[in-house]
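Residues in the sequence shown are numbered from -15 upward in steps of one, following this note's numbering.
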Amino acid sequence: SCGQDKEVRVWELASGRCEHVLSGHTDDVRGVSASSDGRLASSCSFDKTVRVWDLETGQEVSTMEGHTDKVFGVAMAGDGGTVVSCSWDMSVRVWDVESGHAVGKPMQPPSTGAFSLQQPCSSDSLGTGESVMNQQPGSSGSLSLKNLSMKGHEKEVLDVAITSDGGRAVSGSVDGTVRIWDVGSGGQLAKCQGHSDWVMGVAVTPNGSLAASGGRDGTLRLWTMSGKEVRKIKHTGEVTCVALAPDGGRVVSGQGKQVLVWDCNTGSSIKGLSKHTGAVRRVAVSSRGDKIVSGSQDMTVMIWDMKGLSHERTLQG
């Protein structure tokens, strides 16, 4: 978990014990994401950095610098080898964990003066791109690029998610769009349009079969990875965050002080979980799909049982 105290905390869920307090960021920590085996985690901060941590020792592995503004979202591939991040600087960046270097140029609009990345869904494609890494494992070589001429988000990017294999990423932006990316090339695979306001949160199933987004327009939307909207679920207020069960059967959203659970196939409400006393800002589903985790402005993290949809534990510290 993370917060405005500039720290990342590692918890043992069964006991509720805080195992490590990870210090290093110099401003609010906005997001965290862990590898599938629980060995590594990444964090992002308003200090413009992305950091990778060893969860067993509590030590920092690397600091990744390159964003020029606050970093709002981070996601780590299942094997811990790749991290994607998004920022108020309107870019999505891909990082190699072993080297700590950015892979390719950021996915951002050409107005910034940097290379930009896009592969439009329509037939009037502006181009394709390819990134080439001239670095062998263990070497101190640098990254080189060619043929990068693609467009990205037009406004600030607020959240990002990645498939377990690190092959595809999903991002949501103030520009009201959800975009799906090929991580290897930086090419845009789909531009998902439907939200009428900021996209606050995004999620994707581990196998990349389904993506979800939540927005200030009070809707939660489900998308195929080709960019087709398959369901719109209306809320009574803005949707601050979303998470998908690994099998794609359920989707979880945050609205106000509630954690809401929905059936992806029907769009019907399963249950609203009410125990937080502050706005819910982050939700997650465990890799086995048996737990829901929620983080709130009330400075607590709550663990919920997915099957029984009941509160199990509150983490505070």
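Using N, Cα and C, we set each Cβ at its ideal position, and we do this for glycine too.
Using a Cβ distance threshold of 8 angstroms, Ser(-15) and Asp11 do not count as a contacting pair. When secondary structure is reduced to three states using DSSP, Asp289 falls in the strand class. Segment contact: the segment 64 to 76 against the segment 37 to 46, fewer than three CB-CB distances shorter than 8 angstroms; contact not assigned. In the three-state reduction of the DSSP assignment, Ala268 falls in the strand class.
Relative to the Cα of Met184, the nearest Cα in the group Gly202, Gly171 and Ser252 belongs to Gly202.
Linking Gln281 to Gly192 through their CA atoms gives a straight-line distance of about 30 angstroms. In the DSSP assignment, Thr203 falls within the unbroken beta strand (DSSP E) covering Thr203 to Trp207. With a cut-off of 8 angstroms on Cβ pairs, the segment 220 to 227 is in contact with the segment 263 to 281, counting three or more such pairs. Cβ atoms of Glu140 and Gly178 stay farther apart than 8 angstroms, at about 19 angstroms. The three-state secondary structure of Val223, taken from DSSP, is coil.
The alpha-carbon of Glu(-9) is positioned some 21 angstroms away from that of Thr52. The beta-carbon separation of Ala86 and Gly50, rounded to 5 angstroms, stays under the 8 angstroms limit for a contact. For a cut-off of 8 angstroms, the C-beta gap from Val186 to Asp143 is around 5 angstroms, short enough to register as a contact.
Boundaries of the beta strand (DSSP E) harbouring Gln242: Gln242 to Asp247, taken from the DSSP string. Taking C-beta atoms as the reference points, Cys248 and Gly262 fail to come closer than 8 angstroms. For secondary structure counted as the alpha helix (DSSP H) over 4 or more consecutive residues, the segment 131 to 170 holds no complete run.
Counting the other CB atoms within 10 Å of its CB gives Lys216 a total below 16, which places it among the exposed residues. Ser27 is the residue among Ser252, Gly256 and Ser27 whose C-alpha sits nearest the C-alpha of Phe56. Proximity to Val(-6) across Arg14, Ala18, Asp274 and Gln(-12) peaks at Ala18, based on C-alpha coordinates.
Between Val78 and Val167 the beta-carbon gap is near 6 angstroms, inside 8 angstroms, which marks them as a contact.
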